[in-house]
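Asks:
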Amino acid sequence: MKKAGKVVFLAALLLVMTACAAPQDAAPDGTAAVGAIFVNDAQELPENEKVYAAFADNSYAFALDAAYVYFFSAGAEVAYAGDENFVSMTFGADLDGDTVGAEGVIAYAREEHGENTVAGYFLYHDGEGVYFDTGACFARTEITDGCVMTGTDFPCRAVFEIRRPAASLVMVCYDENREEISRTAYAPGELEDYQTFEMDGGVAAVEMIACDADGGALETTTLTPEDRSAVICFDGGGQILASRYLRLAWPE
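FYI, the numbering for the sequence shown is -21 to -1, 1 to 231, going by mature numbering (1 follows the signal peptide of the UniProt record, and there is no 0).
Here you go:
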């Protein structure tokens, strides 16, 4: 199940989440990991301290060069689930035959003279919110294409892909004769995650072209009424790339 499947799962959870007034109303056992965060080592962190996520709109967020995932029950009728800076994410992955957890892909931009290493920490929840302890790294590795980091306290598997960040996205619409109808450029950071673009009946196919700063094509994805979604990765302020999941909608 790819990122599109996660939306269905989280949409069901949102029916439960809306009953929650505050994250501290019914805190889970603070000793059990509720998630994992993968932090680029170039990110400055305090030593041996708890770093807490901000909480708003029923979700937790870390303003770091990092990717993270969490899932926990905060009471009989309240649950929280989310992830950030994963290109794709599956909750409930069967990681080793009988363990349920999370599995996802992280896009990473290597720097020629950088350390290019990432540290993994488990996330916990206490009376103040969701946090990780900078003195309790469970794994650290140099990032290469296809390398994997796994966690056990919160069962998870993060696969890293080396990518170049897109500086722009060009959307080219074609008719059934492959004649160009329109061409529109977007700044990736101005797009919404899960944004939907409405197509008219004359559009038979769309090319999503991720471009570098010089306008060169990094990746081209062709979308049709049978294959309607694409993901674009871009610089969100660090080496762990931000991403946007985009979808096209054709008339039924």
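Ideal placement from N, C-alpha and C gives every residue a C-beta, glycine not left out.
#1: Go through the stretch 146 to 179 residue by residue and report every complete run of the beta strand (DSSP E) that reaches 3 residues or more, in order.
#2: Rounded to a whole number of angstroms, what is the C-alpha to C-alpha distance between Pro2 and Ala88?
#3: Could you please give me the residues that DSSP links to Phe50 through a beta bridge?
#4: Taking the C-alpha atoms as reference points, what is the distance between Met128 and Cys116?
#5: For the stretch 89 to 99 and the stretch 215 to 223, state whether three or more C-beta atom pairs, one from each stretch, are separated by less than 8 Å.
#6: Cα separation between Ala12 and Arg226?
#7: Keeping to the same chain, check which residues put their C-beta closer than 6 Å to that of Ala228; ignore five residues upstream and five downstream.
#8: Check this for me: beta carbons of Phe70 and Ala81, under 7 Å apart or not?
#9: Quick test of your reading: Glu140 and Asp154, contact by CB under 8 Å. State the CB separation rounded to the nearest angstrom.
#10: To the nearest angstrom, how far is the alpha carbon of Ala53 from that of Tyr103?
#11: When you compare only the Cα positions, how much space is there between Ile122 and Thr96?
#12: Quick one: measure Cβ to Cβ for Ala40 and Gly99, integer angstroms, because I've assumed they're closer than 8 Å.
#13: Determine the extent of the beta strand (DSSP E) in which Asp105 is found, giving its start and end residues.
#14: How would you label Glu63, buried or exposed, when you count the other beta carbons within 10 angstroms and need 16 or more for buried?
#15: Which residues share a DSSP beta bridge with Arg223?
#16: Inspect the CB distances between the stretch 28 to 40 and the stretch 134 to 150 and report whether three or more fall short of 8 Å.
#17: Report the option in Asp105, Leu148, Val185 and Asn156 whose CA atom is closest to the CA atom of Leu170.
#18: Have a look at Pro204, Met187 and Leu202 and flag the residue whose alpha-carbon is nearest the alpha-carbon of Ala196.
#19: Report all residues from its chain with a CB closer than 7 Å to the CB of Glu159; omit the five preceding and five following residues, and keep chain order.
#20: Hey, quick one: how far does the beta strand (DSSP E) through Asp112 stretch, first residue to last?
Replies: Looking at the atomic coordinates:
#1: If only uninterrupted beta strand (DSSP E) runs of at least 3 residues are considered, those enclosed by the stretch 146 to 179 are 147 to 153, 159 to 165 and 174 to 177.
#2: Locating residue 2 in the sequence shown gives position 23, where the first residue counts as 1. Locating residue 88 in the sequence shown gives position 109, where the first residue counts as 1. Model confidence at Pro2 stands at a pLDDT of 42, short of 50, so the residue's coordinates are unreliable and nothing is read from them.
#3: As a working mapping, residue 50 is identified with position 71 in the sequence shown. Paired residue(s): Ala60.
#4: Translated into the one-based positions of the sequence shown, residue 128 becomes position 149. Translated into the one-based positions of the sequence shown, residue 116 becomes position 137. Taking the Cα positions, Met128 is about 12 Å away from Cys116.
#5: Verdict: yes, contact present.
#6: Position 33 of the sequence shown holds residue 12. Position 247 of the sequence shown holds residue 226. Near 33 Å, if we compare the C-alpha coordinates of Arg226 and Ala12.
#7: Here residue 228 corresponds to residue number 249 of the sequence shown, with the count starting at 1. So the qualifying residues of the chain are Thr175 and Glu177.
#8: Within the sequence shown, numbered from 1, the residue matching residue 70 stands at position 91. Within the sequence shown, numbered from 1, the residue matching residue 81 stands at position 102. In contact: Phe70 and Ala81 (Cβ atoms closer than 7 Å).
#9: Along the sequence shown, read from residue 1 onward, the residue named residue 140 stands at position 161. Along the sequence shown, read from residue 1 onward, the residue named residue 154 stands at position 175. With 8 Å as the limit, Glu140 and Asp154 do not qualify as a contact, their Cβ atoms being about 34 Å apart.
#10: By one-based count along the sequence shown, residue 53 stands at place 74. By one-based count along the sequence shown, residue 103 stands at place 124. One C-alpha to the other measures close to 12 Å.
#11: As a working note, residue 122 is residue 143 in the sequence shown. As a working note, residue 96 is residue 117 in the sequence shown. For Ile122 and Thr96, the distance between alpha carbons rounds to 6 Å.
#12: To locate residue 40, count along the sequence shown from 1; it is residue 61. To locate residue 99, count along the sequence shown from 1; it is residue 120. 18 Å between Cβ atoms; not a contact.
#13: Counting from one through the sequence shown, the residue named residue 105 turns up at place 126. Looking at the DSSP string, the run of the beta strand (DSSP E) that includes Asp105 is Thr96 to Asp105.
#14: Here residue 63 is taken as the residue at index 84 of the sequence shown, counted from 1. Burial call: buried.
#15: For the purposes of this step, residue 223 is taken as the residue at position 244 of the sequence shown. BP columns for Arg223 point to Ile211.
#16: Verdict: no, contact absent.
#17: Taking the sequence shown and counting its residues from 1, one reaches residue 170 at position 191. Closest option to Leu170, Cα to Cα, is Leu148.
#18: Counting from one through the sequence shown, the residue named residue 196 turns up at place 217. Here the closest residue by C-alpha is Met187.
#19: For this step, residue 159 is matched to residue 180 along the sequence shown. If we look at Glu159 and ignore the five residues flanking it on each side, its Cβ neighbours are Val151 and Tyr153.
#20: Numbered from its first residue, the sequence shown carries residue 112 at position 133. First-last of the beta strand (DSSP E) with Asp112: Gly108 to Asp112.
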